[in-house]
Amino acid sequence: MNSDPSLSWPVFFDCEASSLDGYIIEIGWAFVAMDSGAIVSAAHLVRPAPDWKIRDAWSAKSERLHGISLAHLREHGRRVEEIARIMNEELAGRELFSDACSYDERWLRQVFDAAGFEPSFIIRPTDPGILLERAAADRNFDQARLHQAREEAEQNRRHRAEADALIWAELWRMVTQRP
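Going by this note's numbering, the first residue of the sequence shown is number 1211, and it counts up by one from there.
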């Protein structure tokens, strides 16, 4: 594990999928850079691996929610090997958190299994909301203000991986870097 202190700050990630029981179609993540306070984020559409039976697991309802068609995914998605390599390079030694970890971890595992790689990062089952509450309490941050900001963020949820991860990173920055 890297001893870089910035690695102790969380990475928030989110996945979009073809259906709840289907395949990952998008991965996004965001985190606050400790040195600058800037939010670093990325997202990648996932081209279905050749052995995935994605058409059988495609949900029109899910497509309406995230707005990604199967044709668009096949044309613009990145290969699972490329996504796994990028994630391992950019997130090595980091701890990742998701507000839907049971689903998102399973979908992210699909990428790494299909690529034949092991992640260089750790997925934690702790809900980001709990992390924020702990950070707020440690910094005597106004819990009512945090609750209001979370409610406003939820109203603006887009159901796209990077956008949803950015919500958590922005809340983290608000709590940890207040004036």
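Just so you know, even glycine gets a beta-carbon here, dropped at the ideal spot from N, CA and C.
Here H1254 is buried. Its C-beta has 16 or more other C-beta atoms within 10 Å. Taken through DSSP and simplified to helix, strand or coil, L1275 comes out as helix. For E1328, there is no enclosing beta strand (DSSP E), since its DSSP letter is neither H nor E. Between the alpha carbons of R1349 and E1285 lies a distance of about 46 Å. The beta carbon of D1352 lies closer than 8 Å to those of A1346 in the same chain, with the five residues before and after it left out. Residues of the same chain with a CB within less than 6 Å of the CB of A1294, apart from the 5 flanking positions on each side, are V1321, F1322, A1325, F1327 in chain order.
Residue range 1338 to 1348 is occupied by the alpha helix (DSSP H) that includes L1341. With contacts defined as CB atoms closer than 8 Å, W1378 and P1338 qualify as a contacting pair. Counting other Cβ atoms within 10 Å of its Cβ, E1372 reaches 16 or more and is therefore classed as buried.
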